[in-house]
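Trainee: Numbering (our numbering), first residue to last: 61 to 173. We treat Cβ as the ideally placed atom computed from N, Cα and C, and that holds for glycine. For clarity, every value in this text was computed on a predicted model and none was experimentally measured. Structure in structure tokens, see below.
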């Protein structure tokens, strides 16, 4: 596995930042109605929902980094703004056209370890 740094050509001014733990339980439902659960992993993993406003040049640089350097959803990266851990994209970032100059990328990022 290759670990990539966040692209220097793309700003990291995230906004609309929301952090929550990822579901870490495995539940078993019995016919009697009883439900039991246990932790799937020893450590809870955090998930981040955020947005990023990018110019056309930054958006092109982001997609080049995402597809070519990172390897899409399978890649792991570091980003000092998010913290000192390793991260991956949980889903493909979704661009929204806000005006002629900027695009907003909505993304979901999760800790790997």
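Within the continuous beta strand (DSSP E) that includes residue 162, where are the two ends?
Mentor: Sequence index remark: in the chain shown, residue 162 carries index 102 (1-based). Its beta strand (DSSP E) spans residues 162 to 171.
Trainee: DSSP on residue 158, reduced to helix/strand/coil?
Mentor: One-based indexing of the chain shown puts residue 158 at position 98. The answer is coil: DSSP assigns residue 158 none of H, G, I, E or B.
Trainee: Contact between the stretch 158 to 166 and the stretch 92 to 103: three or more CB pairs below 8 Å?
Mentor: no
Trainee: Would you identify the three-state DSSP class for residue 76, choosing helix, strand or coil?
Mentor: If you number the chain shown from 1, residue 76 lands on position 16. Strand at residue 76.
Trainee: Can you give the Cα-Cα distance for residue 176 and residue 74, rounded to whole angstroms?
Mentor: Since the first and last residues shown for the chain are 61 and 173, residue 176 lies out of range.
Trainee: Assuming residue 104 and residue 84 form a contact by the criterion Cβ under 8 Å, report the distance between their Cβ atoms to the nearest whole angstrom.
Mentor: Here the question's residue 104 lines up with position 44 in the chain shown. Here the question's residue 84 lines up with position 24 in the chain shown. Their Cβ separation, rounded to whole angstroms, is 5 Å, which keeps residue 104 and residue 84 in contact under 8 Å.
Trainee: For the beta strand (DSSP E) containing residue 130, list its first residue and its last residue.
Mentor: Translated into the one-based positions of the chain shown, residue 130 becomes position 70. Per DSSP, residue 130 belongs to no beta strand (DSSP E) and is neither H nor E.
Trainee: Can you tell me the Cα-Cα spacing of residue 154 and residue 92, whole angstroms?
Mentor: Residue numbering aside, residue 154 sits at position 94 when the chain shown is read from its first letter. Residue numbering aside, residue 92 sits at position 32 when the chain shown is read from its first letter. Looking at the two C-alpha atoms, the distance is approximately 43 Å.
Trainee: Just mark residue 114 as buried or exposed, buried being the case when its beta carbon has 16 or more other beta carbons within 10 Å.
Mentor: Working through the chain shown from its first residue, we reach residue 114 at position 54. Burial check for residue 114: the Cβ neighbour count within 10 Å reaches 16 or more, so the residue is buried.
Trainee: Quick one: is residue 143 near chain B, going by C-beta distance under 9 Å?
Mentor: The chain inventory of the structure shown lacks chain B, comprising one protein chain alone.
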